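Below you'll find the structure, written out as structure tokens, and then a few comments.
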Amino acid sequence: MAIEISDISKQFGKTQVLRGIDLSIMDRELVALLGPSGSGKTTLLRIIAGLEWPDAGQLVVAGEDWMQLGAKDRRIGFVFQSYALFPHMTVRENLAFGLTVRPKAQRPSAAQITSRVDELLTLLQIDTLGERYPAQLSGGQRQRVALGRALAIEPRVLLLDEPFGALDAAIRRDLRRWLREVHERTGSTTIFVTHDQEEAFELADRVVVMEQGRIAQIGTADQIHDHPATPFVARFMGAVIELPVTLRAGRAELKGVDTSALPRRPLGDGPATLFLAPDQVALEADPASPFLVTAVSSTGKLLRVTLEAPGLPVVDLDLPRLQARGVAVGQNFRLRPLAGAVFSAPRSASPAGLIEMTPVKENIA
Amino acid sequence: MTAAAPIRAKRVLPGFTLSLGTTLLYLTVVILIPVLALVLKGADIGPQRFWAIVTSARALAAFQVTLTAALIATLFNALYGLLMAWVLVRYEFPGRRLLDALMDIPFALPTAVAGLSLTALFSANGWFGQFLAPLGLAPVYTIWGVAIAMAFTSVPFVVRTVQPVLEDLDPAYEQAARTLGASDWAIFRRVVFPQILPAFLAGVTISFARSLGEFGAIVFIAGNLPFKTEIASLLAFIRLEEYDYQGAAAIALVLLMFAVVLLVISNRLQAWAARYRGQA
Numbered sequence: 001m002a003i004e005i006s007d008i009s010k011q012f013g014k015t016q017v018l019r020g021i022d023l024s025i026m027d028r029e030l031v032a033l034l035g036p037s038g039s040g041k042t043t044l045l046r047i048i049a050g051l052e053w054p055d056a057g058q059l060v061v062a063g064e065d066w067m068q069l070g071a072k073d074r075r076i077g078f079v080f081q082s083y084a085l086f087p088h089m090t091v092r093e094n095l096a097f098g099l100t101v102r103p104k105a106q107r108p109s110a111a112q113i114t115s116r117v118d119e120l121l122t123l124l125q126i127d128t129l130g131e132r133y134p135a136q137l138s139g140g141q142r143q144r145v146a147l148g149r150a151l152a153i154e155p156r157v158l159l160l161d162e163p164f165g166a167l168d169a170a171i172r173r174d175l176r177r178w179l180r181e182v183h184e185r186t187g188s189t190t191i192f193v194t195h196d197q198e199e200a201f202e203l204a205d206r207v208v209v210m211e212q213g214r215i216a217q218i219g220t221a222d223q224i225h226d227h228p229a230t231p232f233v234a235r236f237m238g239a240v241i242e243l244p245v246t247l248r249a250g251r252a253e254l255k256g257v258d259t260s261a262l263p264r265r266p267l268g269d270g271p272a273t274l275f276l277a278p279d280q281v282a283l284e285a286d287p288a289s290p291f292l293v294t295a296v297s298s299t300g301k302l303l304r305v306t307l308e309a310p311g312l313p314v315v316d317l318d319l320p321r322l323q324a325r326g327v328a329v330g331q332n333f334r335l336r337p338l339a340g341a342v343f344s345a346p347r348s349a350s351p352a353g354l355i356e357m358t359p360v361k362e363n364i365a
Numbered sequence: 001m002t003a004a005a006p007i008r009a010k011r012v013l014p015g016f017t018l019s020l021g022t023t024l025l026y027l028t029v030v031i032l033i034p035v036l037a038l039v040l041k042g043a044d045i046g047p048q049r050f051w052a053i054v055t056s057a058r059a060l061a062a063f064q065v066t067l068t069a070a071l072i073a074t075l076f077n078a079l080y081g082l083l084m085a086w087v088l089v090r091y092e093f094p095g096r097r098l099l100d101a102l103m104d105i106p107f108a109l110p111t112a113v114a115g116l117s118l119t120a121l122f123s124a125n126g127w128f129g130q131f132l133a134p135l136g137l138a139p140v141y142t143i144w145g146v147a148i149a150m151a152f153t154s155v156p157f158v159v160r161t162v163q164p165v166l167e168d169l170d171p172a173y174e175q176a177a178r179t180l181g182a183s184d185w186a187i188f189r190r191v192v193f194p195q196i197l198p199a200f201l202a203g204v205t206i207s208f209a210r211s212l213g214e215f216g217a218i219v220f221i222a223g224n225l226p227f228k229t230e231i232a233s234l235l236a237f238i239r240l241e242e243y244d245y246q247g248a249a250a251i252a253l254v255l256l257m258f259a260v261v262l263l264v265i266s267n268r269l270q271a272w273a274a275r276y277r278g279q280a
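In the order they appear, the protein sequences are chains A and B. Quick note, the first sequence lines up with residues 1 to 365 if you use full-length UniProt numbering. Quick note, the second sequence lines up with residues 1 to 280 if you use full-length UniProt numbering.
This is the structure we're talking about:
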């Protein structure tokens, strides 16, 4: 089902959680809502589910106005972060719940429900657990049951709130792949909320990055990674090193930084900020560079190198250890970024000393 | 070389012996010995005499009145107590805190005061009684009066056991049920109620047990007519006043048996209702 969200706003008390969200999601698409806590992503998901109501805006799904439908009648599958499995029902009863509560006229026969539940148990790969209670299941198994219970009603839209939040890393990876398969097999439109960018990019067709109740950027993993639309997105994607640079002819310039590997940006000359990820910078020995190595520590695989230069913020880099054998404290190095984002800085700095950036100025090479 | 001293595990919390000892002593003196005395007193008189006392027409009638009234009161408390707990937990309204506090009044009020005011309200010229009397429903001096007094003194047990469980219930359960298409009634019946059932059963049982034993509030409103509104504990009291210790003990022993049976049934029911918990 295609989902059209237009100009949705929502306020909780005095806090504005959503500020005019516009979003189109295609039929059968798998979309991630990505953002830090407080960005409004869960509220948006709950509005689509009908568990929360917006103060203003439109929500149209497959041509139907969902502002006229309650959660009960939207036929969505919602998977809660806490799973919310009914503790007094067995796995089978949980899975069958959505079918058994239908009004008599639409309710499948007992035999049909049983066979549907059998089908789901197989799909969920938990065939042997049907008679157990949720308290007797592991986290990963509960997650599967929660998803199965939502899928049982053949939802038109599948919504998941931090689906893998409470699971450990190995099970996460496993379930991610499996969720992708389930999504493709059932052909539903799926939206999930996460604060984990790796999860969002690995699983989703498109990622919606949210910031303080607004959509900061929509795109694929590569688009967002290579061309972050705002300084916020750049930071969120891991470009946590911020260097004040001067733009000249579309190229960032700073003593001790070799930006020749970065493409030119169609930005005007003047002060700007260069955003770099710690693992996307190479070091080249250069006694004339102001960047001095002040600390080196190893994690075995990576070498964490701390560089300081007068008047500049401290730079922490993560280099593959085997390619950085010559790096030692007391030496000077030139930074050679392999990737990075540049945003023009406005004329005046903010009082907090942070440099405010002009938002969404195109910086595509 | 000295022999290695045996390792003795140190308790993390100190004072185990002292605290357990004190508790057991208290339990023995205050609960166990009186109950034992009662049982011995009852056994003293021999089974035949015991049977004769508890199956005498007046005693049987008293048991019947007590049980019937307690059942009526408990039925009322079950419904009203559940509703009250629901209202206090689920709705935000002005005066909710006050209502919540009022719920404790039956606990705090001396039962004699409760009995007096209930009698005043329900007597033929009282605030409620003046409307009920013309309809032939005046409850004073009838078994309904007994039930009203019982209900008044024991309703908080249901409210106060259900309330915290309902408060702790994760709203996600209900939201999940709603997204799966459940109606309000289905959500209550299939998701909420089963989860508060153990607490509800516990509350209802205590309420019933309390009703069986209530004395102070009832004697004012019941009229205490033998064979009609005389309750078992009052009969035991009357026997005691007649210096018939054995008769009093026999009747009290039956009440004690009711209580024990009730507790066993209640525990079984609660275990059954909570069977899905903690069997990981």
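Backbone N, C-alpha and C define an ideal beta-carbon position, used for all residues, glycine too. Keep in mind it's a predicted model, so treat the numbers as computed, not measured.
Residue i versus residue j - alpha carbon distance
| i | j | result |
| --- | --- | --- |
| Asp-170/B | Asp-196/A | 25 Å |
| Phe-164/A | Val-182/A | 15 Å |
| Gln-223/A | Leu-13/B | 59 Å |
| Thr-68/B | Trp-86/B | 27 Å |
| Arg-248/A | Val-315/A | 23 Å |
| Thr-358/A | Glu-242/A | Because Thr-358/A carries a pLDDT of 44, less than 50, the predicted location of this residue cannot be relied on, and the following value inherits that uncertainty. Going from the Cα of Thr-358/A to the Cα of Glu-242/A covers about 15 Å. |
| Pro-54/A | Ile-5/A | 11 Å |
| Ala-32/A | Thr-220/A | 10 Å |
| Glu-230/B | Leu-60/B | 11 Å |
| Arg-189/B | Val-233/A | 47 Å |
| Ile-215/A | Ala-309/A | 36 Å |
| Trp-144/B | Leu-82/B | 21 Å |
| Met-26/A | Gly-77/A | 17 Å |
| Thr-179/B | Asp-174/A | 27 Å |
| Ser-19/B | Ala-9/B | 19 Å |
| Asp-205/A | Pro-271/A | 36 Å |
| Leu-159/A | Met-237/A | 24 Å |
Buried or exposed by the 16-neighbour rule on C-beta atoms within 10 Å, applied to residue i
| i | result |
| --- | --- |
| Leu-129/A | buried |
| Pro-155/A | buried |
| Leu-27/B | exposed |
| Leu-23/A | buried |
| Thr-194/A | buried |
| Ile-31/B | exposed |
| Tyr-243/B | exposed |
| Val-261/B | exposed |
| Glu-199/A | buried |
| residue 366/A | Given a span of 1 to 365 for chain A in the structure shown, any question on residue 366/A remains unanswerable. |
Spatial neighbours of residue i in its chain, beta-carbon cut-off 6 Å, leaving aside the 5 residues before and after
| i | result |
| --- | --- |
| Gly-187/A | Arg-28 |
| Arg-149/A | Asn-94, Leu-95 |
| Pro-226/B | Arg-58 |
Cβ neighbours of residue i in the same chain (closer than 7 Å, five flanking residues each side left out)
| i | result |
| --- | --- |
| residue 312/B | Here chain B comprises residues numbered 1 to 280, so residue 312/B is not present and cannot be evaluated. |
| Phe-201/A | Val-207, Ala-221 |
| Ser-289/A | Gly-256, Asn-332, Phe-333, Arg-334 |
| Ala-147/B | Ala-69, Ile-72, Ala-73 |
| Leu-303/A | Val-296, Leu-319, Arg-321, Ala-324, Val-327 |
8 Å Cβ shell around residue i - same chain, five flanking residues per side excluded
| i | result |
| --- | --- |
| Leu-203/A | Leu-30, Ala-32, Arg-176, Leu-179, Arg-180, Phe-192 |
| Ala-138/B | Phe-122, Ser-123, Ala-124, Gly-129, Leu-132 |
| Ala-177/B | Ala-186, Ile-187, Arg-190, Val-191 |
| Gly-330/A | Leu-292, Val-293 |
| Asn-363/A | Bear in mind that a pLDDT of 42 at Asn-363/A, under 50, signals an unreliable position, so the number given afterwards is only what the model happens to contain. Correct list, in chain order: His-227, Arg-265, Pro-266, Leu-267, Ala-341, Val-342, Phe-343. |
Requested in this report: Taking 8 Å as the threshold, find out whether the region 115 to 122 of chain A comes into contact with the region 38 to 46 of chain A through three or more Cβ pairs.
Outcome: In short, these stretches do not touch, since the Cβ pair count stays below three.
Requested in this report: Check whether the region 157 to 168 of chain B touches the region 191 to 203 of chain B, counting contact only when three or more Cβ pairs, one atom from each stretch, lie closer than 8 Å.
Outcome: Three or more pairs of CB atoms, one per stretch, sit closer than 8 Å, so the region 157 to 168 of chain B contacts the region 191 to 203 of chain B.
Query raised in the report: Are the region 143 to 161 of chain B and the region 66 to 80 of chain B in contact at 8 Å, needing three or more beta carbon pairs?
Result: The region 143 to 161 of chain B, when compared against the region 66 to 80 of chain B, does touch it at the 8 Å Cβ threshold.
**Report entry** Residues of the region 88 to 101 of chain B whose Cβ lies closer than 8 Å to any Cβ of chain A, in chain order
**Finding:** Of all residues in the region 88 to 101 of chain B, none has a Cβ within less than 8 Å of some Cβ in chain A.
Report task. Could you tell me whether the region 11 to 19 of chain A touches the region 204 to 213 of chain A, using the rule of 3 or more Cβ pairs below 8 Å? Result -> By the Cβ rule, the region 11 to 19 of chain A counts as touching the region 204 to 213 of chain A, because three or more pairs are nearer than 8 Å.
Query raised in the report: Quick one, which residues of the region 169 to 194 of chain B are near chain A if we go by CB-CB under 8 Å, in chain order?
Result: Those residues of the region 169 to 194 of chain B that come within reach of chain A (Cβ to Cβ, closer than 8 Å) are Asp-170, Ala-172, Tyr-173, Gln-175, Ala-176, Ala-177, Arg-178, Thr-179, Leu-180, Gly-181, Ala-182, Ser-183, Ala-186, Arg-190, Val-191, Pro-194.
Query raised in the report: If we count Cβ pairs, one from each stretch, closer than 8 Å, do we get three or more for the region 321 to 332 of chain A versus the region 266 to 286 of chain A?
Result: Verdict: yes, contact present.
Query raised in the report: Is the region 254 to 273 of chain A touching the region 331 to 346 of chain A in the sense that three or more CB pairs, one from each, lie closer than 8 Å?
Result: The answer is yes - the region 254 to 273 of chain A touches the region 331 to 346 of chain A, with three or more Cβ pairs under 8 Å.
Query raised in the report: Can at least three beta-carbon pairs, one atom from the region 267 to 276 of chain A and one from the region 228 to 244 of chain A, be found at a separation below 8 Å?
Result: Contact between the region 267 to 276 of chain A and the region 228 to 244 of chain A is established, with three or more Cβ pairs separated by less than 8 Å.
**Report entry** Chain-ordered residues of the region 174 to 189 of chain A with a beta carbon less than 8 Å from chain B
**Finding:** Taking a C-beta cut-off of 8 Å against chain B, none of the residues of the region 174 to 189 of chain A qualify.
Query raised in the report: Quick one, which residues of the region 236 to 264 of chain A are near chain B if we go by CB-CB under 8 Å, in chain order?
Result: The region 236 to 264 of chain A vs chain B, Cβ under 8 Å: nothing.
Query raised in the report: With a cut-off of 8 Å, do at least 3 Cβ pairs link the region 38 to 50 of chain B to the region 247 to 263 of chain B?
Result: Here the region 38 to 50 of chain B lies against the region 247 to 263 of chain B, with 3 or more beta-carbon pairs under 8 Å apart.
**Report entry** Selection of the region 244 to 277 of chain B by Cβ proximity to chain A, strictly under 7 Å
**Finding:** Cβ contacts with chain A: Tyr-276, Arg-277.
**Report entry** Selection of the region 90 to 103 of chain A by Cβ proximity to chain B, strictly under 7 Å
**Finding:** In summary, the residues of the region 90 to 103 of chain A whose CB is separated from some CB of chain B by less than 7 Å are Phe-97, Gly-98, Val-101, Arg-102, in the order they occur in the chain.
Query - Selection of the region 30 to 61 of chain A by Cβ proximity to chain B, strictly under 8 Å - result: Look at the region 30 to 61 of chain A: the residues with a C-beta under 8 Å from a C-beta of chain B are Ala-49, Gly-50, Leu-51.
Query raised in the report: Can you find at least 3 beta carbon pairs, one from the region 61 to 74 of chain A and one from the region 135 to 149 of chain A, that sit closer than 8 Å?
Result: Here the region 61 to 74 of chain A makes no contact with the region 135 to 149 of chain A; the two share fewer than three CB pairs at distances below 8 Å.
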